[in-house]
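Taking our numbering, the leading residue of the sequence shown gets -7, the next gets one more, and so forth. What follows is one structure encoded as structure tokens, with my remarks underneath.
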Amino acid sequence: MAILNIINVNDDKENGTLRKKSRPVEQINARILQLLDDMKDTLRAANGIGLAAPQVGVLRRVVVVDNGEKILELINPEIVKTEGEQTGFEACLSVPGKYGTVKRPMRVTVKALDRNGNEFTVTGEELTARAFCHEIDHLNGVLYTDLASEVLDQSEVEEDE
Ligand code: ZN
């Protein structure tokens, strides 16, 4: 078990790792399998819903998403279908202490490779649909803070309440 260091946007210089576009995985080798295992350990330890490889410093198109039943492993994920719309709160393990409101599709279908190299599709709704979009955005160097109408500080909100 290995828990990886999650890059904090405040420590990531301008045009740093979080802002780069990740490259597709061409060969699912031992390094990629280790990365998947470590990303799942890291996601569990952080109590997160999703994690993308660039957040742990690896510019490869690899994402893990906890859909409430299990942690999905998505290699070279692509959104192939979206339906509906939802507006809700979003946060990011790389942007600690903040949250914002982002509009996303209500239902998202993703095509990806599993760890055996087999293509599969998976559909998520609500929070899972949001996580698919959020994590795939990471692979393109996009943070939710780019899309949020407003980014708020969690501590400020708690003080207000
Ligand atoms: Zn994120």
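Using N, Cα and C, we set each Cβ at its ideal position, and we do this for glycine too.
Query: Residue range of the alpha helix (DSSP H) that includes residue 26; Result: 22 to 37
Query: Spatial distance of residue 69 from residue 96 (CA atoms); Result: 17 Å
Query: Distance cut-off 7 Å: residue 85 Cβ against heavy atoms of ligand 1; Result: yes
Query: First and last residue of the uninterrupted alpha helix (DSSP H) at residue 122; Result: 118 to 131
Query: Within 8 Å, strictly: CB atoms of residue 17 and residue 52; Result: yes
Query: Residue 136 to residue 67 span [Cα, whole Å]; Result: 21 Å
Query: Bridge partner(s) assigned by DSSP for residue 93; Result: 81
Query: Host alpha helix (DSSP H) of residue 139 (start-end); Result: 136 to 139
Query: Inter-residue Cα distance where the pair is residue 134 and residue 123; Result: 13 Å
Query: Residue 121 burial status per 10 Å Cβ neighbour count (16 or more: buried); Result: buried
Query: Whether residue 113 touches residue 103 by CB criterion (8 Å); Result: yes
Query: Any non-hydrogen atom of ligand 3 within 7 Å of residue -3 CB; Result: Ligands present in the displayed structure are limited to ligand 1, and ligand 3 is not among them.
Query: Beta-carbon spacing of residue 61, residue 99 below 8 Å; Result: no
Query: Those residues which DSSP pairs with residue 145 across a bridge; Result: 90
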